[in-house]
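Notes for the one structure printed next.
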Amino acid sequence: MGELPGAVLFDLDGTLLESEQLWMQSAVEVMNALGSVWS
Numbered sequence: 003m004g005e006l007p008g009a010v011l012f013d014l015d016g017t018l019l020e021s022e023q024l025w026m027q028s029a030v031e032v033m034n035a036l037g038s039v040w041s
């Protein structure tokens, strides 16, 4: 087994990156690809 990381970083939305819009866009794209609608 390799070395363990020296640290782990968790981002609570908005702390380092405002990712809410990215998650929503991704969800919509996945649902569209599956032939469904995310509302």
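Everything in the sequence shown is counted per this note's numbering, starting at 3 for the first residue and increasing by one. We treat Cβ as the ideally placed atom computed from N, Cα and C, and that holds for glycine.
In three-state DSSP terms, what is residue i?
i: W25; result: helix
i: A35; result: helix
i: V30; result: helix
One question on the structure: do residue i and residue j come within less than 8 Å of each other, judged by their Cβ atoms?
i: D13; j: E22; result: no
i: W2; j: M33; result: Residue numbering for the chain in the displayed model covers 3 to 41; residue 2 lies beyond these limits and cannot be assessed.
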